[in-house]
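Enquirer:
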Amino acid sequence: MHTLKQLPVYLVLAGCLPAADEPRPARWGYIHAAIIVPSCTTAGCHSALTSIAGINLSGDAGAYTVLTGHICGEPVRPQDPPRNYVTPFAADASTLMYQLRGADAEGRPYRDIMPPDTRLPAVEVELVGQWIDEGAACD
Amino acid sequence: MRLSIAIVVCLLLGSGAAEAYPQFQLSLGPDRCTACHFSPAGGGLINDYGRDEAGGTISRGGDGRFLHGIWEPPTWFRLGLDLRGATALKYQNQEREYLVFPMQTDLYIRAGGESFSLNMTAGMRGGARDPQPPLVERLVSREHYVMYERESGSYVRAGRFFPIFGIRSQDHTAYVRRYLGFHTLEEPYGVAAGLFGGESEVHVSVFVPRPIEFLGSGVKAKGIAAYYERRLFDGNTAVALQSRLASSSTDSRILGGVVGKRWFPDAGVMLLGELDLQRQAFADSTGPTRYQLAAYAGASKFLARGVMAGVAVHRFAPDLRLRSARDAFELNLQYFVRAHVELHLLTRISGSGDFDDPGLLSLLQVHYYL
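Listed in order, the protein sequences are those of chains L and Z.
Whatever position you read off the first sequence (first residue = 1), add 44 for our numbering.
Whatever position you read off the second sequence (first residue = 1), add 22 for our numbering.
#1: Report back the beta-carbon spacing between Gly107/Z and Pro124/Z to the nearest angstrom; my notes put them in contact at under 8 Å.
#2: Any Cβ of chain L within less than 8 Å of the Cβ of Gly245/Z?
#3: Answer yes or no: does any C-beta atom of chain L fall closer than 8 Å to that of Leu25/Z?
#4: Using a beta-carbon distance cut-off of less than 7 Å, what residues from the segment 118-136 of chain Z approach chain L?
#5: At a cut of 8 Å, does the segment 214-226 of chain Z reach the segment 280-294 of chain Z through at least three beta carbon pairs?
#6: Helix, strand or coil for Gln174/L? Go by DSSP, reduced to three states.
#7: Verify the CB distance criterion: does Ala19/L have a CB-CB separation below 8 Å to chain Z?
#8: Using DSSP with H/G/I as helix, E/B as strand and the rest coil, what is Trp98/Z?
#9: For Val213/Z, tell me which candidate among Gly245/Z, Gly332/Z and Glu296/Z has the shortest Cα-Cα distance.
#10: Are Val186/Z and Ala317/Z close, meaning C-beta to C-beta below 8 Å?
#11: Give a yes or no on contact between the segment 136-147 of chain Z and the segment 169-184 of chain Z, applying the rule of three or more CB pairs nearer than 8 Å.
#12: List, in chain order, every chain Z residue whose beta-carbon is nearer than 7 Å to that of Leu93/L.
#13: Since Leu140/Z meets chain L, which of its residues come closer than 9 Å, beta carbon to beta carbon?
#14: Using 7 Å as the cut-off, classify the Cβ of Asp379/Z as near or not near the heavy atoms of the ligand NAP, replying yes or no.
#15: Does Cys32/Z have its Cβ less than 8 Å from a Cβ in chain L?
#16: For a contact meaning CB atoms closer than 8 Å, what does Arg127/L contact in chain Z?
#17: Within its chain, find whatever has a CB closer than 6 Å to the CB of Tyr197/Z; leave out the 5 residues flanking it on each side and keep chain order.
#18: Restricting to Cα atoms, I'd like to know which of Ala248/Z, Pro96/Z, Thr109/Z and Gly290/Z is closest to Tyr120/Z.
#19: When we look at the beta-carbon of Tyr390/Z and count the other beta-carbons within 10 Å, is it buried (16 or more) or exposed?
#20: Does chain Z have any CB closer than 8 Å to the CB of Val172/L?
#21: Using C-beta distances below 8 Å, list every residue in its chain close to Ser37/Z, excluding the 5 sequence neighbours before and after it, in chain order.
#22: Give the interface partners of Phe60/Z over in chain L, defined as CB-CB distance under 8 Å, in chain order.
#23: Tell me which same chain residues have a C-beta within less than 8 Å of the C-beta of Gly91/Z, skipping the five on either side of it?
#24: Taking DSSP as the reference, what is the three-state secondary structure of His90/Z?
#25: Give the list of continuous beta strand (DSSP E) stretches no shorter than 3 residues that lie fully inside the segment 178-238 of chain Z.
#26: Output the distance between the C-alpha atoms of Gly78/Z and Gly328/Z, rounded to the nearest integer angstrom.
#27: What's the C-alpha gap between Ile27/Z and Pro160/L?
#28: If you draw a straight line from the C-alpha of Glu251/Z to the C-alpha of Val261/Z, how long is it?
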């Protein structure tokens with residue numbers, strides 16, 4: 045059904061879209077630019093201007109530190125204790141994933157959903173989860 | 023299907039621009055924004071004709087002049103004020119919360135004559151979440167520019183403003199604004215020129231990032247935007263082509279789009295549509311180039327004088343190769359009680375992917391302007 049709805053768009057763009065053979069990287073640089081910035085850093089939310097709850101996600105290095113508790117570039121090890129919103133190597137133990145999914149690891153509703161208006165598409169949440177499971181490096 | 027009902031809160035925090043309603047173009051007679059507004063983009067400060075229309079045709083009556091006509095500023099110094107507050111009901115994971123918060127406090131100033139003018143919009147950012155920053159930190163100026171106009175219909179302006187682009191909805195959360203660089207306080211700095219003809223208008227803007235981070239938000243890009251609109255069929259239809267090239271430290275974007283407006287006088291129905299396609303290439307091979315789509319389609323009807331109802335559909339697909347589209351369906355009911363006073367009830371259902379986890383926004387705005 046969903047494919048049928050998308051069909052006109054695909055037909056129009058069929059001539060100009062590249063082949064979908066290049067996977068999206070589960071890397072912080074891409075996640076920040078492609079997911080975090082357009083979804084989280086608007087004026088009233090986590091921009092440098094507003095920094096709701098003291099959280100500024102507009103810069104990639106700063107956002108990385110806010111979310112992981114690590115300085116961008118320092119080594120992240122599996123034995124490190126959990127810090128902020130991201131627990132490296134453990135998406136299911138990361139608060140950020142609870143917020144994005146709206147549920148904790150046991151499936152119980154999580155109150156502090158982000159973004160608060162329109163939830164991120166599942167493919168975006170999965171990519172964030174993959175990045176965390178792979179170590180949440182600042183690459 | 024699990025239904026979690028969430029509401030836009032933070033998205034509505036900014037000093038939402040009290041811009042013109044694009045539904046008024048064509049339907050109420052004027053074929054261009056400058057018929058009622060000083061700005062070539064529409065929105066903001068209203069001119070004498072616009073103030074007459076505010077009380078004469080748009081609302082249920084009243085005196086649309088500044089301060090309700092109690093005092094008229096000199097013609098070289100125009101003033102206006104927008105105050106907007108909102109109340110909302112929030113459901114999130116079966117928890118209910120009521121919100122009342124300020125949305126907008128904007129002062130408009132235009133100083134100058136018919137040719138040269140200095141224009142500024144300044145106010146305070148709204149806020150629904152605590153802790154609120156001190157008032158002085160909430161002061162912000164969305165627009166400030168100098169403009170030279172000629173009676174023939176051309177203009178040049180320089181300063182801070184949005185390039186003329188798209189349907190220019192007053193709703194900064196509309197997907198064609200929110201996801202394409204036209205959200206609250208994302209105005210760049212730049213130089214623009216335009217020409218209004220009898221049945222067409224064209225605008226070109228060159229823009230650069232804001233020089234200070236705390237002047238706004240959004241991607242800090244430089245680029246160029248162009249918009250060409252032509253009116254057809256006895257002035258009841260307008261079609262526009264637009265393009266925008268933008269480059270930042272993280273990406274480059276090439277956007278092409280079309281805007282359509284159609285007024286059906288017999289039915290009293292106004293149709294508005296916008297479709298944009300954008301190619302986004304990331305810098306430093308951060309990730310694969312992606313193609314994005316943003317679309318808006320809406321219909322509005324004047325049920326009675328001062329009462330406008332509308333429906334709209336929004337779509338944003340951040341990567342057309344993926345099942346990642348976000349959709350929204352909304353109902354709008356606007357009651358222009360008297361000149362200067364408006365009530366706006368917006369109800370929007372939005373979701374992503376297969377729409378199996380939608381959210382609900384229901385927001386009542388009270389808008390007063392001088």
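C-beta atoms are modelled at their ideal positions from N, C-alpha and C, and glycine is treated no differently.
If you're wondering where the values come from, they're calculated on a predicted model, not measured in any experiment.
Expert: Judging by the given coordinates:
#1: Right, the Cβ-Cβ distance comes to about 5 Å (below 8 Å), so this counts as a contact.
#2: Answer no: the Cβ-Cβ gap between Gly245/Z and chain L never drops below 8 Å.
#3: Below a pLDDT of 50, predicted positions are generally treated as unreliable, and Leu25/Z, at 36, falls in that range; the measurement from the model is reported next regardless. No, its Cβ sits nowhere closer than 8 Å to a Cβ of chain L.
#4: Against chain L - using a Cβ distance shorter than 7 Å - the segment 118-136 of chain Z contributes no residues.
#5: Per the Cβ contact rule, the segment 214-226 of chain Z is not in contact with the segment 280-294 of chain Z (fewer than 3 Cβ pairs under 8 Å).
#6: Assignment of Gln174/L by DSSP, reduced to helix, strand and coil, places it in the helix class.
#7: No answer is possible for residue 19/L: it lies beyond the span of chain L, which begins at 45 and ends at 183.
#8: Coil.
#9: Closest by alpha carbon: Gly245/Z.
#10: According to the sequence displayed, residue 186/Z carries Ile and not Val. With contacts defined as CB atoms closer than 8 Å, Ile186/Z and Ala317/Z fail to qualify as a contacting pair.
#11: Output reads yes: the segment 169-184 of chain Z touches the segment 136-147 of chain Z.
#12: Going along chain Z in sequence order, the residues near Leu93/L (Cβ under 7 Å) are Leu207, Phe236, Gly238 and Ser239.
#13: Leu140/Z does not reach chain L, its nearest Cβ partner there being about 25 Å away, counting only Cβ pairs nearer than 9 Å.
#14: For the ligand NAP, the structure offers nothing, since it holds no ligand at all.
#15: Residue placement at Cys32/Z is poorly supported in this model, since its pLDDT is 42, which falls under 50; the coordinates still yield a value, given next. With a threshold of 8 Å between beta carbons, Cys32/Z makes contact with chain L.
#16: The contacting residues do not exist; Arg127/L stays about 23 Å from chain Z at best.
#17: In chain order, Ala316, His336 and Phe338 place their CB closer than 6 Å to the CB of Tyr197/Z, counting only its own chain and leaving out the 5 sequence neighbours on each side.
#18: When only C-alpha atoms are compared, the closest one is Thr109/Z.
#19: With fewer than 16 other beta carbons inside 10 angstroms of its own, Tyr390/Z counts as exposed.
#20: No, Val172/L lies away from the interface with chain Z (no Cβ there is under 8 Å from its Cβ).
#21: Per-residue confidence for Ser37/Z stands at a pLDDT of 41, beneath the threshold of 50, marking its modelled position as unreliable; the derived number appears in the next sentence. For Ser37/Z, where only same-chain residues beyond five positions count, the Cβ hits under 8 Å are Met125, Gln126, Thr127, Asp128, Gly145, Met146, Arg147, Gly148, Val162, Arg164, Thr206 and Leu207.
#22: Residues of chain L passing the Cβ test: none, with the nearest at roughly 24 Å.
#23: Its chain contains Asp85 as the residues whose beta carbon lies nearer than 8 Å to that of Gly91/Z, once the 5 sequence neighbours on both sides are disregarded; these appear in chain order.
#24: Under the three-state reduction of DSSP output, His90/Z falls in the helix class.
#25: Listed in chain order, the complete beta strand (DSSP E) runs (minimum 3 residues) inside the segment 178-238 of chain Z are 211-218 and 222-230.
#26: Distance between Gly78/Z and Gly328/Z, taken at the CA atoms: about 10 Å.
#27: Legend: pLDDT at Ile27/Z = 34, less than 50; position of this residue unreliable, value from coordinates given subsequently. The C-alpha of Ile27/Z lies about 10 Å from the C-alpha of Pro160/L.
#28: Approximately 6 Å, taken between the alpha carbons.
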